[in-house]
Amino acid sequence: MGTGRVTSDPDSPKTAAMDTNDTYTAIGLMSGTSMDGVDAAVLVTDGRDRVEQGPALTIPYDDAFRARLRAAIAGTGDMDAVEVEITDLHRDAVRALMERAGLSADQVDIVGFHGHTVLHEPEVGRTRQIGLSQRLADHLGIDVVGDLRLADMAAGGQGAPVAPVFHRALAGPEGRPVVVLNMGGVANVTWLGPGEADLLGFDTGPGNAPIDDWCWRVVGRMYDADGALAKAGTVDQVRLARMLADPYFDRKPPKSLDRDAFHERVAEAVDGLSPEDGAATLVAFSAETIAGAARWFPAPPTRWIATGGGRHNPALMAVIAEAVQGEVVDADALGWDGDALEAQAFAYLAVRSILGLDITFPGTTGVAEPRTGGKRYFSSVSAAGTLASR
5 MGTGRVTSDP DSPKTAAMDT NDTYTAIGLM SGTSMDGVDA AVLVTDGRDR VEQGPALTIP
65 YDDAFRARLR AAIAGTGDMD AVEVEITDLH RDAVRALMER AGLSADQVDI VGFHGHTVLH
125 EPEVGRTRQI GLSQRLADHL GIDVVGDLRL ADMAAGGQGA PVAPVFHRAL AGPEGRPVVV
185 LNMGGVANVT WLGPGEADLL GFDTGPGNAP IDDWCWRVVG RMYDADGALA KAGTVDQVRL
245 ARMLADPYFD RKPPKSLDRD AFHERVAEAV DGLSPEDGAA TLVAFSAETI AGAARWFPAP
305 PTRWIATGGG RHNPALMAVI AEAVQGEVVD ADALGWDGDA LEAQAFAYLA VRSILGLDIT
365 FPGTTGVAEP RTGGKRYFSS VSAAGTLASR
């Protein structure tokens, strides 16, 4: 595991009273826009440069719940009921993880709860992640940090991405500049330069979402297993060029996206293609937009570190490696957990939030100055009072 020094703040008045040798056991939670399930991860960290990865797991959503979630997001389902249900699924994931890790509630200092994004419109300052943080805290007997994007958006930031500061701690100072590429429903990058202040992050464009939606639409599958459809297809260059002409890709960062930002345009662009050619064209679309992000990097990276579910699609990974014309390495090869990284990030951010440390930056969300964020929800039956007493 790499470690690096995280700046911003050990000498800040907000944290001067804290013992910088303290570490905290946190559990982070993530429900990604791919809607595959809840990721939960244990992280031991000081909120700065010390990060120790613990056990992690994923609790998959069943098809019935996924359908209810899709309907709620589309405006045809019961959002309130789904919000309660998704909160309780997160609770169950935490309990399962604690059992696996051999942790009791009084051994967990804080839970970082992202919720599930159902709306993200940064251009008008709106974002919504469903999930009831107070309910989760009360059910677990552990304090919860939620609402981690709201303070940034209130200050004029994009509210995303928020993981770059964790990537900086995990990657360490050696071998920079490097890029951490996360491929969920939306793809995003973190560029880490040689200096501690050299931090840039933004959404590049679509990740798995268009490919998954296409597979669901034409063959009734949740995703393209092993990239089989894409590998058997041929890219339609005319339709690809049409999708790449979207003005988002020429917009300078900071910038961020909703999962379905391209949904209608992409669906129209590939309409009528065979399942194989549609998948191949959408893989090329994601890969080209990821590679195109390099124009905004202050310096070329020595390598790209791939995380998230998209790295399990060999067709997508092969096209990305060719498109970026550089070394692409699976995060797992570095000793990271590429499937748990986002959940780990929210554990890390929860600790930084409690300590009053910055979690968003001008180079990541476009906020005018570095900001802390998140709201702490105290459990009414708290078994975890250690953090407050330190």
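First residue of the sequence shown? That's 5 in the working numbering, and the numbers climb one at a time after it. All residues carry an ideal CB built from backbone N, CA and C; glycine is no exception.
- Closest in C-alpha terms to Asp-262, from the list Leu-101, Thr-37, Asp-26 and Leu-33, comes Thr-37.
- In the three-state reduction of the DSSP assignment, Thr-306 falls in the coil class, being assigned neither a helical nor a strand state.
- Secondary structure at Met-187: strand, using DSSP grouped into helix, strand and coil.
- Secondary-structure assignment with DSSP links Gly-367 through no beta bridge to anything.
- DSSP places Tyr-252 in the helix class (H, G or I) of the three-state scheme.
- Here DSSP, grouped into helix, strand and coil, assigns Arg-130 to strand.
- Between the alpha carbons of Asn-192 and Val-333 lies a distance of about 16 Å.
- For Glu-125, the beta-bridge partners assigned by DSSP are Arg-130.
- In this structure, the CA atom of Ala-232 is about 11 Å from the CA atom of Cys-219.
- Contact between Arg-153 and Ala-164 is confirmed by a C-beta separation of about 6 Å, below the 8 Å threshold.
- Per DSSP, Gln-329 is not a residue of any alpha helix (DSSP H), being assigned neither H nor E.
- Only buried fits Arg-72, as 16 or more other CB atoms lie within 10 angstroms of its CB.
- In this structure, the CA atom of His-124 is about 24 Å from the CA atom of Phe-301.
- A Cβ-Cβ distance of about 19 Å is found for the pair Gly-314 and Tyr-252, leaving them out of contact under the 8 Å criterion.
- Glu-89 and Phe-117 have their C-alpha atoms spaced approximately 15 Å apart.
- Taking a C-beta distance under 9 Å as the contact criterion, Val-115 and Val-149 qualify as a contact pair.
- With a cutoff of 9 Å on beta-carbon distance, Asp-207 and Val-190 are scored as near each other.
- When the beta-carbon positions are compared, Leu-204 and Ile-294 stay at least 9 Å from each other.
- Remark: C-beta atoms of Pro-64 and Leu-101 do not approach each other more closely than 9 Å.
- DSSP, read as helix, strand or coil, puts Asp-50 in coil.
- Assignment of Pro-318 by DSSP, reduced to helix, strand and coil, places it in the helix class.
- DSSP places Ser-137 inside the alpha helix (DSSP H), whose first and last residues are 137 to 144.
- For Gly-282, the uninterrupted alpha helix (DSSP H) segment begins and ends at 279 to 296.
- Nearest C-alpha to Leu-61 among Gly-360, Asp-26, Thr-376 and Asp-341: Asp-341.
- Assignment of Met-34 by DSSP, reduced to helix, strand and coil, places it in the strand class.
- In its chain, beyond the 5 residues on either side, Gly-51 and Ile-363 have a beta carbon closer than 6 Å to the beta carbon of Arg-356.
- For Leu-196, the beta-bridge partners assigned by DSSP are Val-182 and Leu-203.
- Burial of Val-323 is indicated by the presence of at least 16 other C-beta atoms within 10 angstroms of its C-beta.
- Lys-259 sits buried, since 16 or more C-beta atoms from the chains shown fall within 10 Å of its C-beta.
- Between Val-42 and His-94 a beta carbon distance of about 5 Å is seen, short of the 8 Å cut, so the two are scored as contacting.
- As DSSP reads the structure, Arg-72 sits in no beta bridge.
- Bounds of any alpha helix (DSSP H) do not take in Gln-57; it lies within the beta strand (DSSP E) bounded by 55 to 64.
- Secondary structure note for Arg-172: its alpha helix (DSSP H) is the uninterrupted segment 168 to 175.
- Ranked by Cα distance from Gly-188, the first of Met-247, Ala-354, Pro-304 and Ser-290 is Ser-290.
- Contact annotation: Val-122 and Met-83 have beta-carbon atoms nearer than 9 Å.
- In the displayed model, Thr-91 falls within a helix according to three-state DSSP.
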